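Here's the structure we're looking at; comments come further down.
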Amino acid sequence: MSGHAANPIKAILLALGANFAIFLAKLVAASITGSGAMMAEAVHSLADCGNQGLLLLGIRQAKRPPSDEFPLGWGRALYFWSFLVAILLFSVGGMFSIYEGVHKLDHPEPLKWPWLALGVLVFGIVVEGISMHGCLQEVNKARGDQGLWTWFRETRSSELLVIFGEDLAALVGLCLAVLAIGATMLTGNLTFDAAGTIAIGVLLIVVAVLVAIEVKDLLIGQGMEPRRRAELLAFLTGRSEVAEVLNLITLQMGTDVMVAVKARMQPTTGDLQLIAAINIVEAAMKAEFDEVRWSFFEPDLAD
1 MSGHAANPIK AILLALGANF AIFLAKLVAA SITGSGAMMA EAVHSLADCG NQGLLLLGIR
61 QAKRPPSDEF PLGWGRALYF WSFLVAILLF SVGGMFSIYE GVHKLDHPEP LKWPWLALGV
121 LVFGIVVEGI SMHGCLQEVN KARGDQGLWT WFRETRSSEL LVIFGEDLAA LVGLCLAVLA
181 IGATMLTGNL TFDAAGTIAI GVLLIVVAVL VAIEVKDLLI GQGMEPRRRA ELLAFLTGRS
241 EVAEVLNLIT LQMGTDVMVA VKARMQPTTG DLQLIAAINI VEAAMKAEFD EVRWSFFEPD
301 LAD
């Protein structure tokens, strides 16, 4: 199954809606309780909305047409914005959470309105769960029969990768926060709250590193997904016009792909017939693999 069946924009919009709803809930709670920590959380959720905005900007930029200065288009702009979001969303948030946790250990403060805080967190879990469900629907369309970890390592959809990482980290982080506040309420020991905050920071940084590594590979220049490249190679090898595929190079450019093929063609009666055979193969390839936008085909006898 091709990853192009997925709709990353739907997942981004779901995450944007979830983060904005959580921002409003935290803002109301901060206004009622006067809690500086809850207000900081509200600002954090608002910043998350900004990150979704950056991903949407990347998708828009990626659709710019090719030019003499950018002959292969702007598709890889997606990777730049995805990498930036991974750094901003996870690393900065993670570092801030660890700092907050260490500060709470050194200067413990009693919880204010803990039941309200728990209510906001449970609301956040419900909303993030809806967002995660929508994201997983798109991920499942893209991964087909692949395992989730295999999809994470091999996907070329950086924006879906970032949203998946964000939703997963947010959902697990909210659950950790509920456990930490619940344990603090039951025992009266403020160390649980501080430890929970540090754990959330560590979680965010771990997810940040994993996502950044995958997007970094795309920035450097990865080819098509391995399974998709294998399908393309099998398609070319099976064409009657092609005697042997000598070399196949692919380059992922956002949602589009560039393909360079060197092949030994079946004997023809002349140059015009050879050109016609190559054109037929290229047209069939683009019809079968709609992500292939640029094709460079070189007939040869050896690689």
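In this note's numbering, the protein residues as written are 1 to 303. Glycine included, every Cβ here is placed at the ideal spot set by N, Cα and C. On a predicted model such as this, the values are computed, not experimentally measured, just so you know.
Anticipated Cβ contact below 8 Å, residue i with residue j, distance rounded
| i | j | result |
| --- | --- | --- |
| S158 | L218 | 5 Å |
| L317 | G173 | No answer is possible for residue 317: the residues shown for the chain start at 1 and end at 303. |
Proximal residues to residue i (C-beta, below 7 Å), its chain only, five neighbours per side dropped
| i | result |
| --- | --- |
| P66 | L72 and G73 |
| G75 | A62, M253, G254, T255 and D256 |
| A177 | L121, G196 and I200 |
| L274 | M265, T268 and P299 |
Collapsed DSSP secondary structure at residue i in the structure displayed
| i | result |
| --- | --- |
| M224 | coil |
| A6 | coil |
| S45 | helix |
| D256 | strand |
| A212 | helix |
| E69 | coil |
| K26 | helix |
| F297 | strand |
| R64 | coil |
| A302 | coil |
Reference residue i, options the options, closest by Cα
| i | options | result |
| --- | --- | --- |
| I98 | G196, L176 and L179 | G196 |
| E214 | Q137, N19, P8 and I87 | I87 |
| A260 | F296, F235 and A276 | F296 |
| L111 | G17, F123, D48 and T184 | T184 |
| V281 | L57, H107 and E244 | E244 |
| N7 | L54, V139, F152 and V92 | V139 |
| G305 | N279, G223, A284 and G221 | The question about residue 305 has no answer here: the residues shown for the chain are numbered 1 through 303. |
| V207 | K262, I163 and A263 | I163 |
| L313 | L27, G93, A11 and A18 | Lying outside 1 to 303, the shown extent of the chain, residue 313 is not represented and no answer is given. |
| W149 | V211, F192 and Q222 | V211 |
| A142 | A277, G124, R227 and F80 | R227 |
Cβ neighbours of residue i in the same chain (closer than 8 Å, five flanking residues each side left out)
| i | result |
| --- | --- |
| L14 | I130, S131, G134 and C135 |
| L233 | V245 and L248 |
Chain-order list of residues whose beta-carbon lies under 6 Å from that of residue i (same chain, five-residue window excluded)
| i | result |
| --- | --- |
| M1 | At M1, the pLDDT of 41 sits below 50, so the modelled position is not reliable; the number obtained from the coordinates is stated separately. Excluding residues within five positions, the ones whose Cβ falls inside 6 Å are G144. |
Continuous alpha helix (DSSP H) assignments of at least 4 residues falling wholly in the region 267 to 293: 271 to 288
What runs of the alpha helix (DSSP H), each 4 residues or longer, lie entirely inside the region 225 to 253? 226 to 237
Give the list of continuous alpha helix (DSSP H) stretches no shorter than 4 residues that lie fully inside the region 96 to 162. 114 to 143 and 148 to 154
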